[in-house]
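Numbering (the numbering used here), first residue to last: 99 to 673.
Don't be surprised by glycine CBs; every beta carbon is placed ideally from N, CA and C.
Shown next, in structure tokens, is the structure this report addresses.
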RNA sequence: CGGAAUGUAGCCCAGUGGCCAGGGCACCUGCUUUGGGAGCAGGAGAUCGGAGGUUCGAGUCCUCCCAUUCCGACCA
């Protein structure tokens with residue numbers, strides 16, 4: 099590609115909206131343009147990189163017996179009603195009607211669509227296993243789109259679905275996809291970790307996230323210093339050190355006045371007692387029933403864990419009015435003692451150690467002190483519902499300590515079981531003629547996000563430093579003086595030789611000053627720059643600069659071309 | 001969903017109710033220059049987000065709408 103002919107534009111300044119490096123650099127290099135909140139156009143440079151990621155994904159999946167299909171982006175409500183997610187998916191689902199008033203949505207994910215496609219095809223156990231995937235636009239009406247392609251509303255996703263006879267076969271499919279994902283991100287040239295994850299709304303029991311390591315990542319991960327275990331902090335188990343209450347230490351319960359003191363911090367200061375002696379009491383609404391959640395005052399409730407413990411499909415803190423109505427006191431003065439009998443109490447393990455707790459009295463402006471489980475209130479279940487933290491003991495090997503780092507979730511694999519196949523009658527006949535629901539798994543990769551993560555992980559103050567496998571172009575030829583025929587002829591030769599050797603090469607044939615071309619080349623992040631200047635061209639030489647290392651060498655033209663071909667081919671393989 | 005801010009040329013930003021709305025980057029023409037986003041001169045480019053209102057006069061004040069961004073969405 100000659101830049102004089104290219105739809106190409108770079109910028110020195112960035113819009114104030116762009117907060118993180120990858121967004122700023124994608125804007126400055128003219129890779130993307132925002133059309134609406136969370137909705138972007140992909141310009142040529144971006145699309146070339148996206149296509150490379152897609153090619154790597156297709157290659158690794160096809161090698162493992164997966165087949166590509168393409169489902170509609172617009173999905174009928176009926177399918178989503180069948181699985182129960184038309185309501186459960188909430189406001190993230192972009193819904194609309196056609197001229198007849200029928201309900202549709204933009205697909206945010208395609209479990210229903212694939213399950214429907216497969217059930218029309220599937221009859222016998224002999225047909226399985228299947229693993230089908232697509233690369234397609236998804237739409238999720240995010241609460242807060244941000245960070246450019248990192249959290250857009252419309253985005254490109256590869257989603258795959260496996261269909262197996264039984265749990266054992268499904269586990270095999272899961273492992274195969276886990277391996278495929280590891281191969282894919284390795285080939286992309288990214289530093290990543292596969293971490294144990296919470297399954298969330300999509301359902302299912304086994305799940306791993308593939309996280310690209312980057313300090314700007316939205317996810318917090320914990321990794322063991324001695325074994326290979328890594329886990330999302332949302333799921334990380336907290337090992338308990340049991341310290342059962344000593345009943346002989348129990349004091350008499352009293353009610354104290356705490357006018358206007360609502361938060362743990364306020365009451366703690368007011369009474370002069372440490373926060374860890376409080377039982378934080380939170381009222382949650384889980385699928386429209388109310389639950390009181392207890393946890394030591396210095397800890398926070400992990401809602402992901404809580405939702406799993408309650409087996410609820412929707413969970414949120416109850417609105418203050420609901421709390422008032424059900425309990426008769428405002429949030430801030432809620433506690434486990436003298437609770438209406440229809441409200442169950444779930445407590446974190448932290449509430450099972452020690453004695454003489456302080457909590458709200460279920461009367462405004464009053465707290466109870468010296469309360470104790472069993473004697474003063476009944477907990478229906480103790481569970482691990484708090485956050486792990488750096489420094490905790492590893493819950494797997496129980497030896498190492500957990501250390502914290504940040505990641506960008508670029509891939510996710512789930513074992514689904516029969517959640518969708520049962521709801522949607524995706525059945526087959528086994529060898530005995532019994533009708534059985536198919537075992538499913540689903541597997542996603544955010545393609546735009548992978549590209550953004552690659553930039554996030556590989557840039558400096560001058561611009562992007564593309565890993566060769568994802569670089570939109572592999573090399574750029576920079577003739578420094580366009581009015582010098584020796585220079586332009588040499589540049590032309592290098593450009594043609596590289597292109598004919600299959601190196602994806604750009605020729606900067608614009609009549610610009612050298613500094614301008616260098617800045618642009620560094621910004622775009624071509625892995626290799628080949629400079630032809632008046633001096634070197636007169637000697638029949640070219641200068642090579644590698645973007646990643648900054649290393650420079652000068653070689654005769656033909657040697658330079660061969661050297662680059664070698665170098666690029668090598669980097670394409672090993673990543 | 002709640003709160004706040006912003007909206008002026010492709011991008012970044014100025015602009016007390018008062019003449020023809022400014023600057024930087026980018027763009028066009030000419031000269032000059034050619035190893036790290038050059039310089040000089042000239043030039044084009046704006047229904048000031050939209051609608052309504054107040055006023056002799058509105059980019060500026062008021063109302064409504066639209067859009068974008070930020071913070072929050074209840075840890076009691």
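Along the length of the segment 336-396, whole alpha helix (DSSP H) runs at least 4 residues long occupy 362-369, reported in chain order. Residue 410 sits away from residue 381, with the two beta carbons spaced by 9 Å or more.
Per DSSP, the beta-bridge partners of residue 538 are 261, 515. Remark: three or more beta-carbon pairs, one from each stretch, lie closer than 8 Å, so the segment 556-568 and the segment 276-292 are flagged as touching. Nearest to residue 527 by C-alpha distance, out of 108, 196, 263, is 263. Residue 460 and residue 470 do not touch by the CB rule: their CB atoms are close to 17 Å apart, not below 8 Å. As DSSP reads the structure, residue 458 sits in a beta bridge with 465.
Straight through space, the alpha carbons of residue 357 and residue 481 are spaced by roughly 32 Å. Segment contact: the segment 145-152 against the segment 208-228, fewer than three CB-CB distances shorter than 8 Å; contact not assigned. The C-alpha of residue 240 is placed about 26 Å away from the C-alpha of residue 334. With respect to residue 446, residue 393 sits close: the two C-beta atoms are nearer than 9 Å. The alpha helix (DSSP H) runs lying completely inside the segment 99-138 and spanning 4 residues or more are 119-126, given in chain order. Looking from the CA of residue 582, the closest CA among 613, 617, 621, 634 belongs to 634.
For residue 603, the uninterrupted beta strand (DSSP E) run begins and ends at 603-605, by DSSP. An exposed status is given to residue 353, since fewer than 16 other beta-carbon atoms sit within 10 Å of its beta-carbon. Where residue 614 is concerned, the enclosing alpha helix (DSSP H) starts and stops at 612-622. Counting along the chain, residue 174 sits inside no alpha helix (DSSP H); it lies in the beta strand (DSSP E) bounded by residues 172-174. In the three-state reduction of the DSSP assignment, residue 549 falls in the helix class.
In the structure shown, residue 160 adopts helical secondary structure according to DSSP, grouped into three states.
Contact annotation, residue 519 with residue 535: C-beta distance approximately 4 Å; criterion of less than 8 Å satisfied.
Residue 320 and residue 502 do touch by the CB rule: their CB atoms are close to 6 Å apart, below 8 Å. The beta carbon of residue 179 is closer than 6 Å to none in its chain, skipping five residues each way along the sequence. Counting along the chain, residue 210 sits inside the alpha helix (DSSP H) bounded by residues 209-219. The continuous stretches of alpha helix (DSSP H) do not include residue 491, and DSSP gives it neither H nor E. Exclusion of the five residues before and after residue 631 leaves 578 as the residues of its chain whose Cβ lies within less than 6 Å of its Cβ.
Listed as beta-bridge partners of residue 414 by DSSP are 383. Apart from the 5 residues on each side of it in sequence, residue 368 sits with its Cβ closer than 8 Å to the Cβ of 356, 359 in its chain, given in chain order. Spatial neighbours of residue 479 in its own chain (CB-CB distance under 6 Å, excluding positions within 5 residues in sequence) are listed in chain order as 444. A direct Cα-Cα distance of roughly 7 Å separates residue 551 from residue 120. Taking all protein chains shown into account, residue 295 has 16 or more neighbouring C-beta atoms within 10 Å of its C-beta and is therefore buried.
Taking 3 residues as the minimum length, the beta strand (DSSP E) runs contained wholly in the segment 176-208 are 193-195, 201-204, in order along the chain. Apart from sequence neighbours up to five positions away, the residues of its chain that approach residue 477 with a beta-carbon distance below 6 Å are 443, 445, 471, ordered along the chain. Residue state for residue 567 is assigned as helix, using DSSP reduced to three classes. For residue 628, there is no enclosing alpha helix (DSSP H); the residue is part of the beta strand (DSSP E) that begins and ends at 626-630.
Distance from the CA atom of residue 486 to the CA atom of residue 336, rounded to whole angstroms, is 5 Å.
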